[in-house]
Amino acid sequence: DGTMAASTAAIVQRSASPLRSHVAMMLQPDDAVLASKLAALYTTGDAEQYLLRGRAELVGRVDSHVLLNRDSEAGFYPALLSADAPDVLQMVFVDEPRCIGCGFCAQVARSTFTMGELGLARAYQQGTDAAEVVDEAIDTCPTSCIHYVSEKELPLLERARSDEEMALTQSRRLVSRAEGSGIGGDW
């Protein structure tokens, strides 16, 4: 019984040495191989640089059609949108002169809508919230100022809108309300 245990221990000890050295060799790869693997993992290309740095600087600062174009150029067209259907009503646009600034849409679809400096809603990204979430945001709007538009229409609508134009529209609305005429909005 004791001799059996001693001989088993001797066999295990003899067979463990080559096994350990083989494992040690596997865990210590060639420095060049390791360097190339690390470079492949941590080196970023132009597309990754755009996602890491460039895109974050654009979100909320440029119109959503500009961001969509940049995403497309970098190979990151939103998966929730159909890239080959420019006439399909899949983009969202806020008719800002009709917006009363309630903020419901921005609370529901946070990745699509934001409240601008003038207190009005604006679609700042396209294809970032699921269609059901955007539909819910549209349904919460008390003035029905959020509309689906095509990718062709979006740049035209966003270029026609400017902060100066919105400020002028809002000031006219406030003056007309103060005068009691009620012209300038339907809220």
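The opening position of the sequence shown corresponds to residue -18 in our numbering, with each subsequent residue numbered one higher.
Ideal placement from N, C-alpha and C gives every residue a C-beta, glycine not left out.
- Exposure of Arg91 is indicated by the presence of fewer than 16 other C-beta atoms within 10 angstroms of its C-beta.
- The DSSP-derived three-state label of Arg142 is coil.
- Here Met72 is not near Ala111, since their CB atoms are 9 Å or more apart.
- If you look at Ile127, you'll find it in the beta strand (DSSP E) that goes 127 to 130.
- Between the alpha carbons of Val156 and Phe57 lies a gap of roughly 45 Å.
- In the structure shown, Phe85 adopts helical secondary structure according to DSSP, grouped into three states.
- Secondary structure at Ala104: strand, using DSSP grouped into helix, strand and coil.
- In the structure shown, Thr95 adopts extended strand secondary structure according to DSSP, grouped into three states.
- Between Gly108 and Leu61 a beta carbon distance of about 4 Å is seen, short of the 8 Å cut, so the two are scored as contacting.
- Note that the C-beta distance between Asp76 and Glu132 is not below 9 Å.
- Contact annotation, Ile81 with Pro136: C-beta distance approximately 26 Å; criterion of less than 8 Å not satisfied.
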